[in-house]
Structures are given as structure tokens and as C-alpha cells.
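A.B. asks:
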């Protein structure tokens with residue numbers, strides 16, 4: 001894929017779209033593509049997380065080891081939180097078919113945010129809205145459980 005194709009793919013990811021064209025181009029240029037065949041492991045539960053992955057083609061099963069799983073297809077961002085904080089992987093991801101991802105390292109992501117403070121503010125604001133929504137959802141679920 002070309003850099004322009006990678007930028008177009010990154011633009012499909014809601015979180016990354018907030019960064020704007022110049023930052024997406026820097027991410028596309030600085031990231032790397034990785035290919036997988038069916039059954040290959042993208043990462044395991046408990047691994048050190050130093051990157052996020054945008055699925056280019058194919059699909060990955062993301063499993064938290066406790067029964068919750070999801071399928072991540074083209075345009076999905078796997079490991080979003082690893083872009084901003086050091087952490088252990090809370091899940092495993094395995095290719096369901098021939099697949100490829102764009103690997104965005106945390107260090108690259110942070111350099112892009114440092115070079116574009118306005119993008120960093122947009123991203124911070126998005127995370128704040130999401131955190132508020134999660135807190136509200138938890139309170140609502142708790143209220144239903146106690147009724």
C-alpha cells in the first residue's frame with residue numbers, strides 16, 4: 001500500500017481522524033506494515049504494550065481470556081490505550097485469516113502529538129468525553145443491579 005492509502009485507512013479510525021491530515025501523514029510515514037497468516041499471534045495477554053495496530057485487511061480475534069471477545073476488521077484500531085500509556089496487554093489478538101496491520105509505536109504517536117499541540121488537545125478532549133460516558137454507563141448499570 002502507498003502512503004496515501006495508509007493515510008486514508010488511518011483517517012477511517014475515529015480516534016486517529018481527530019489528529020488531522022498532517023499528523024496522519026507523519027503516522028503513515030513512520031509506522032510499519034506487518035503481515036500475518038491464519039493463527040498468527042499479533043500479541044498475547046500480559047505482553048508489554050508499546051504500540052497500537054490498525055487492521056489493513058483481514059481480521060483478528062481479540063480475546064480477554066475471561067470469555068469476552070470481539071472481531072477486529074479493516075479500519076479497527078487494536079490497542080488504542082497503548083498509544084498513550086505504558087501498560088500490559090489486557091487481551092490476546094490472533095489472525096483469523098491472511099491479515100495485515102499498520103503498527104503505530106507509542107514513541108511515534110507521542111512525537112506526532114508533540115509536533116501538533118492542537119491535535120493533542122483534540123485527542124485529550126475525546127478521551128475525556130469517553131471517560132465521562134464510561135463512568136455514566138457504570139453508574140447506570142449499578143443502579144439497574146441494585147433495583
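In the UniProt record's numbering, the protein residues as written are 1 to 147.
In this text, a Cβ means the ideal position worked out from N, Cα and C, and glycines have one as well.
(1) Do residue 74 and residue 61 count as a contact pair if the criterion is CB distance below 7 Å?
(2) For a minimum of 3 consecutive residues, which ranges assigned as the beta strand (DSSP E) are wholly contained in the UniProt domain "Cyclic nucleotide-binding" (15-130)?
(3) Please report the residue range of the alpha helix (DSSP H) in which residue 13 lies.
(4) Please classify residue 2: does DSSP put it in a helix, a strand, or coil?
(5) Pairs of beta-carbons, one from the stretch 87-97 and one from the stretch 32-47, closer than 8 Å: are there three or more?
(6) Using alpha carbons as the reference points, say which of 7, 86, 14, 146 lies closest to residue 127.
(7) Taking 6 Å as the limit between beta carbons, can you name the residues of its chain near residue 110, skipping five residues before and five after?
(8) Buried or exposed for residue 184, please, with buried defined as at least 16 other CB atoms from any protein chain shown within 10 angstroms of its CB.
(9) With a Cβ-Cβ cutoff of 7 Å, do residue 52 and residue 79 count as a contact?
(10) Give me the Cα-Cα distance between residue 34 and residue 3, rounded to the nearest whole angstrom.
(11) Excluding the 5 residues preceding and the 5 following residue 108 in the sequence, name in chain order all residues of the same chain whose CB lies nearer than 6 Å to its CB.
(12) Given that a residue counts as buried once 16 or more other Cβ atoms are within 10 Å of its Cβ, and exposed if not, what is residue 102?
(13) So, at 6 Å on beta carbons, what are the nonlocal neighbours of residue 37 in its own chain, with the 5 sequence-adjacent residues on each side left out?
(14) What's the gap between the Cα of residue 8 and the Cα of residue 17?
(15) I believe residue 121 touches residue 19 by the beta-carbon criterion, under 8 Å. Please report the beta-carbon distance rounded to the nearest angstrom.
C.D. replies: Judging by the given coordinates:
(1) Taking the chain shown and counting its residues from 1, the one referred to as residue 61 is at position 61. Taking the chain shown and counting its residues from 1, the one referred to as residue 74 is at position 74. Taking 7 Å as the Cβ cut-off, residue 61 and residue 74 do not qualify as a contacting pair.
(2) 32-36, 41-43, 51-57, 60-63, 69-72, 92-95, 99-105
(3) Translated into the one-based positions of the chain shown, residue 13 becomes position 13. Where residue 13 is concerned, there is no enclosing alpha helix (DSSP H), given that its DSSP letter is neither H nor E.
(4) The residue given as residue 2 occupies position 2 in the chain shown. Coil, per DSSP.
(5) yes
(6) Translated into positions along the chain shown, residue 127 becomes position 127. Considering only alpha carbons, the answer is 14.
(7) Translated into the one-based positions of the chain shown, residue 110 becomes position 110. Counting only Cβ-Cβ distances below 6 Å, and skipping sequence neighbours, we find nothing.
(8) Because the chain is modelled from 1 through 147, residue 184 falls outside the range shown and cannot be assessed.
(9) As a first step, residue 52 must be located in the chain shown, where it is residue number 52. As a first step, residue 79 must be located in the chain shown, where it is residue number 79. Closer than 7 Å, so yes.
(10) Within the chain shown, residue 34 is the residue found at index 34, counting from 1. Within the chain shown, residue 3 is the residue found at index 3, counting from 1. Those two C-alpha atoms are separated by around 15 Å.
(11) In the chain shown, the residue the question calls residue 108 occupies position 108. So the list reads 30, once near-sequence residues are dropped.
(12) Locating residue 102 in the chain shown gives position 102, counting from the first residue. Its Cβ being crowded by 16 or more others within 10 Å, residue 102 is buried.
(13) For the purposes of this step, residue 37 is taken as the residue at position 37 of the chain shown. Closer than 6 Å at Cβ, skipping near neighbours: 98.
(14) For the purposes of this step, residue 8 is taken as residue 8 along the chain shown, with counting starting at 1. For the purposes of this step, residue 17 is taken as residue 17 along the chain shown, with counting starting at 1. Each residue's alpha carbon lies about 10 Å from the other.
(15) By one-based count along the chain shown, residue 121 stands at place 121. By one-based count along the chain shown, residue 19 stands at place 19. The pair is not a contact, with the Cβ atoms about 11 Å apart (cut-off 8 Å).
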